[in-house]
Amino acid sequence: MRSTDERAAAVERRVKELARQKKQRQSRYLGLSAAAACLLVVVGMGAAMPGIMAGLSQGDYTNTGMMASIFYEGGALGYVLIGLLAFALGVCLTVLCFLLRRGSHRDKADENDDRNN
Numbered sequence: 074m075r076s077t078d079e080r081a082a083a084v085e086r087r088v089k090e091l092a093r094q095k096k097q098r099q100s101r102y103l104g105l106s107a108a109a110a111c112l113l114v115v116v117g118m119g120a121a122m123p124g125i126m127a128g129l130s131q132g133d134y135t136n137t138g139m140m141a142s143i144f145y146e147g148g149a150l151g152y153v154l155i156g157l158l159a160f161a162l163g164v165c166l167t168v169l170c171f172l173l174r175r176g177s178h179r180d181k182a183d184e185n186d187d188r189n190n
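Written as structure tokens, this is what we have:
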């Protein structure tokens, strides 16, 4: 038979395990939704490029080696758009890496706590 302290410890371990599983599910959902959003943005931009290229006149667009030159007729707006998208991608990647690292540290700490009990 278990004592009351042993039962309380077992319940506490189970509660911690359920909380850890819930956090893992949430992080998976967050990661999958972030990946889906990034894929949607990339596919959307890829689908929009033929329309942008068709709208440009052949005489104005002579240097195909420069990728940002497709926004030449739009003035600075195209360059600002590219800069904002690059910044947003960098911020998203930084936040994702930070969350992954913090989550791995938490998992290691939880494993160490479970081993000590």
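No gaps in the numbering here: position 91 of the sequence shown is 164 in the working numbering, and each next residue is one more.
Ideal Cβ placement from N, Cα and C applies to all residues, glycine included.
Beta-carbon gap between residue i and residue j smaller than 8 Å
i	j	result
residue 169	residue 109	no
residue 176	residue 76	no
Inter-residue spacing [alpha-carbon to alpha-carbon] between residue i and residue j
i	j	result
residue 85	residue 161	41 Å
residue 125	residue 89	53 Å
residue 167	residue 103	15 Å
residue 87	residue 111	36 Å
residue 181	residue 172	14 Å
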